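Beneath this line is the structure, given in structure tokens, with notes to follow.
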Amino acid sequence: MSFTPMWVSATAAGRLLTCPVSVAPRANPTIPTATTPNNAGSLAHLALGVWLESGGWKGKDPGTALHAAWDAEAARWGVNWRRLREGVVVRARLGLRAADLAQLIKNAGIRARSEVFLTDRATGIYGALDVIVDGGAGGGAVIDLKSGRDVVGDLDAAARVQLLMYAHLFRREYGQLPATLIAFSLIRGALPIEFSLEEVDELIERVGGVRALQDPVATPGQAVCRYCSRRLRCEPHWVAAEEWSKPDCLEGQLTKIERAAAGMTAIRLKTPTASEWVTNLDAQQAANARAIGERVRVVRVTKRRDTEWVASPVTRIATHSSTPD
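The sequence shown begins at 10 in the working numbering and counts up by one.
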């Protein structure tokens with residue numbers, strides 16, 4: 010198999026297999042940098058790192074140690090965690106699950122590291138692994154923390170691909186696959202992933218085959234499209250979204266802009282079926298909808314009423330064209 014000399018993250022590999030055009034390869038692997046946590050999941054990952062690196066998981070009360078790490082990270086970044094969505098709930102779950110997570114680590118090896126950045130130049134795959142355990146007789150482990158409701162049932166296909174890519178990166182680093190591969194949900198606890206050498210190798214071949222396609226065709230779906238960087242300009246996505254039962258996007262002609270004294274903005278779009286409002290836009294988001302009459306596309310919004318959509322920090326807006334409906 011011949012691979013392109015470009016890089017794709019382990020996280021993106023699952024999306025790539027679902028929709029070949031949803032992932033833009035990078036010239037170089039992107040090393041994650043710590044930023045101010047704006048949600049409970051990000052703060053949980055930062056706290057986990059402190060807990061692991063400080064050895065808090067080795068103590069008699071790992072739950073208290075993990076709470077202390079959470080509080081310390083919140084203070085370091087100047088974040089009021091009680092105001093984060095589900096901040097109180099996620100902190101409580103961390104404390105409740107800490108002992109189980111600590112025991113998993115102890116069973117797998119003698120050293121635990123967090124946010125370990127690994128690359129494989131032969132395949133162009135890279136990733137930052139939440140937890141790697143090595144050393145000792147346990148055979149090592151890769152543990153991926155799932156802090157939200159993304160794992161409330163069975164692990165979805167994209168998440169499984171991500172974990173198998175992590176297992177491959179572990180193999181490149183240590184010469185063998187980890188004995189244990191786990192998605193650790195703060196809601197459900199440890200979710201061991203059964204896998205084999207053959208499955209990992211076959212997956213690497215599949216990813217390489219998709220990357221080698223000369224003219225990939227978009228295959229949109231609500232899950233794979235949600236965070237796709239090409240979404241705003243992908244015509245197959247907008248055609249498919251018309252059939253979604255609960256879409257998180259809309260497009261239409263900009264007919265009104267209202268700015269509140271507090272700095273938030275609302276815009277009204279004339280769509281094929283109604284005049285609809287998008288509210289709670291911050292200044293940066295609203296800056297992309299400037300002129301009445303423009304055709305505007307909005308993604309990652311939540312429908313509150315029949316004609317109102319609410320933006321969030323992940324909402325994105327772009328002008329599609331100035332042609333009215």
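All residues carry an ideal CB built from backbone N, CA and C; glycine is no exception. These figures come from a predicted structure and were not determined experimentally.
Residue pairing by DSSP places TYR135 opposite SER18 and THR128 in a beta bridge.
When beta bridges are read from the DSSP output, SER31 appears opposite no residue. Rounded to whole angstroms, the separation of the alpha carbons of ALA78 and PRO46 is 14 Å.
PHE193 is bridged by DSSP to LEU154 and ALA199. Within the region 262-332, complete alpha helix (DSSP H) segments of at least 4 residues are found at 292-295, given in chain order.
If you draw a straight line from the Cα of ALA269 to the Cα of GLY104, it comes to about 40 Å.
According to the DSSP assignment, TYR183 belongs to the alpha helix (DSSP H) that extends over 166-183.
Exclusion of the five residues before and after ASP315 leaves ALA283 as the residues of its chain whose Cβ lies within less than 8 Å of its Cβ. Distance between LEU26 and ASP70, taken at the CA atoms: about 42 Å.
Taking a C-beta distance under 8 Å as the contact criterion, THR328 and VAL319 do not qualify as a contact pair. Within the region 21-100, the alpha helix (DSSP H) runs of at least 4 residues that lie entirely inside it are, in chain order, 49-62 and 71-86. Under the 8 Å Cβ criterion, the region 116-123 counts as touching the region 134-149, having at least three qualifying pairs. Burial of MET174 is indicated by the presence of at least 16 other C-beta atoms within 10 angstroms of its C-beta.
In this structure ASN48 touches LEU93 by the C-beta definition: roughly 6 Å separates them, less than 8 Å. Comparing alpha carbon positions, the residue from GLU303, GLY64 and VAL151 closest to LEU127 is VAL151.
Of MET15, GLU95, ASP143 and VAL30, the smallest CA-CA separation from VAL233 is found for VAL30. For PRO245, the enclosing alpha helix (DSSP H) covers residues 244-250. For GLY149, no alpha helix (DSSP H) run applies, since DSSP gives it neither H nor E.
With respect to the 8 Å criterion, VAL99 and SER63 are not classified as neighbours on the basis of their beta carbons. VAL97 and ARG91 have their C-alpha atoms some 6 Å from each other. With 16 or more other Cβ atoms inside 10 Å of its own Cβ, ASP143 counts as buried. Close CB contacts of ALA298 within its chain, under the 6 Å cut and outside five residues either way in sequence, are with LEU263, ILE276, VAL305 and ILE326 (chain order). With distances taken between CA atoms, ALA101 lies nearest to ALA74 out of ALA74, GLU124, ARG85 and ALA121. With contacts defined by Cβ atoms closer than 8 Å, LEU52 and ALA83 form a contacting pair.
Separation of LEU154 and VAL125 (C-alpha to C-alpha, rounded to the nearest whole angstrom) is 13 Å. In the structure shown, CYS237 adopts coil according to DSSP, grouped into three states. Sorting ILE266, MET273 and ALA292 by C-alpha distance to the C-alpha of GLU285 places ILE266 at the top. Out of GLY50, VAL287 and LEU57, the CA that lies nearest to the CA of CYS258 is found in VAL287. Looking at the DSSP output, ASP224 sits in no beta bridge, so it has no partner there.
The three-state secondary structure of ILE213, taken from DSSP, is helix. Distance from ARG106 to GLY50 at the Cβ level is roughly 14 Å; contact not present, criterion being Cβ atoms closer than 8 Å.
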